[in-house]
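This report refers to the structure that appears directly beneath it.
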Ligand code: SF4
């Protein structure tokens, strides 16, 4: 009950035709896009074929290996691939590992990570429920901003992670993650945050980076407002 749909029992063409019909009538704010339906169907069929997201992530990690594809390789202690639930509904994407992350090989484990964990809990979830990763997998020296050649080389890995996990919603943390993922270098976090963007059919909510919030605690209330919009969008699906 409660409006859940068994996507394996419905015809893809029927869904596409129905959505196209509504869009032709001028409804431009459907709760789910054609791209998202396509993603859902291909996901369902992949699962039915036994394709396992955990295995796919492991294969991707093996493929990345001891990556030397950009100049950040020589600065890292550990490559920080990402961590969390391969079937996460919500994916957090930050910029790059910091000192603690580099030492431990895990994303968001320092003070900023603790703040992110508190946000996740406040949203009614646990860290193990979500997936957390960065655009850039190796720590830039002195925590400088990643450079364009590094972003363009590493970005394909986070794109693949998103493709495998296929979250219902992405939250980007900070300006760099937002600009890099959307490939829109002119996006400003202060004006973009709080409104959903579309990343290849997946709703994307930009918000502040937890490290910024540690320096500017008065803006925590804005990130909480962004998180509430995400919760409202996930809730009808999770309550199924
Ligand atoms: S930052 Fe990305 S592309 Fe560069 S070495 Fe690390 S994993 Fe490879």
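Numbering (the working numbering), first residue to last: 149 to 388. Even glycine gets a Cβ: it sits at the ideal position worked out from N, Cα and C.
**Prompt:** Between residue 372 and residue 256, what straight-line distance do the alpha-carbon atoms span, to the nearest angstrom?
**Reply:** When rounded, the distance between both Cα atoms is 18 Å.
**Item:** Where residue 254 sits in the DSSP three-state scheme
**Value:** Assigned with DSSP and collapsed to three states, residue 254 falls in coil, not helix or strand.
**Request:** Measuring from each Cβ to the nearest heavy atom of the ligand SF4, keep the ones under 7 Å and list them in chain order.
**Result:** In chain order, the residues that have a beta carbon nearer than 7 Å to some heavy atom of the ligand SF4 are 212, 215, 216, 217, 218, 220, 221, 224, 227, 284, 285, 286, 298, 301, 302, 305.
**Request:** Return the CA-CA distance between residue 337 and residue 314, expressed in angstroms with no decimal places.
**Result:** Rounded to whole angstroms, residue 337 and residue 314 show a C-alpha spacing of 24 Å.
**Closest residue to residue 219 among 349, 295, 341 (Cα-Cα distance)** = The shortest Cα separation from residue 219 among 349, 295, 341 belongs to 295.
**Message:** Can you tell me which residues form a DSSP beta bridge with residue 231?
**Reply:** Listed as beta-bridge partners of residue 231 by DSSP are 280.
**Request:** Compute the distance between the beta-carbons of residue 240 and residue 278, then report whether it is under 9 Å.
**Result:** Yes, the pair counts as a contact, with Cβ atoms nearer than the cut-off.
**Asked** If you run the structure through DSSP and keep just helix, strand and coil, what is residue 335?
**Response** The answer is coil: DSSP assigns residue 335 none of H, G, I, E or B.
**Request:** In the DSSP assignment, find the alpha helix (DSSP H) that holds residue 353 and state where it starts and stops.
**Result:** Not the alpha helix (DSSP H): residue 353 falls in the beta strand (DSSP E), residues 350 to 355.
**Request:** Could you please give the first and the last residue of the uninterrupted beta strand (DSSP E) stretch that includes residue 240?
**Result:** Per DSSP, the unbroken beta strand (DSSP E) holding residue 240 starts and ends at 238 to 242.
**Item:** Separation of residue 299 from residue 378, as counted between CA atoms
**Value:** If I take the Cα positions, the gap works out to 26 Å.
**Prompt:** For residue 382, which beta-bridge partners are listed by DSSP?
**Reply:** BP columns for residue 382 are empty, so no partner.
**Asked** Going by C-alpha distance, which of 234, 238, 215 is nearest residue 227?
**Response** The residue with the shortest Cα to Cα distance from residue 227 is 215.
**Asked** Between residue 324 and residue 243, what straight-line distance do the alpha-carbon atoms span, to the nearest angstrom?
**Response** Between the alpha carbons of residue 324 and residue 243 lies a gap of roughly 6 Å.
**Prompt:** For residue 245, is the classification buried or exposed, using 16 other Cβ atoms within 10 angstroms of its Cβ as the cut-off for buried?
**Reply:** Here residue 245 is buried, its C-beta having at least 16 other C-beta atoms within 10 Å.
**Asked** Pick from 317, 339, 342, 346: whose alpha carbon is nearest that of residue 331?
**Response** Residue 331 has its Cα closest to that of 346, out of 317, 339, 342, 346.
**Asked** What residue ranges within the region 260 to 315 form continuous alpha helix (DSSP H) runs of no fewer than 4 residues, ordered along the chain?
**Response** Under the rule that a run must span 4 or more residues, the alpha helix (DSSP H) segments found entirely inside the region 260 to 315 read 296 to 313.
**Request:** Would you give the residue range spanned by the alpha helix (DSSP H) that residue 345 belongs to?
**Result:** Residue 345 -> not in any alpha helix (DSSP H); beta strand (DSSP E) instead, spanning 345 to 347.
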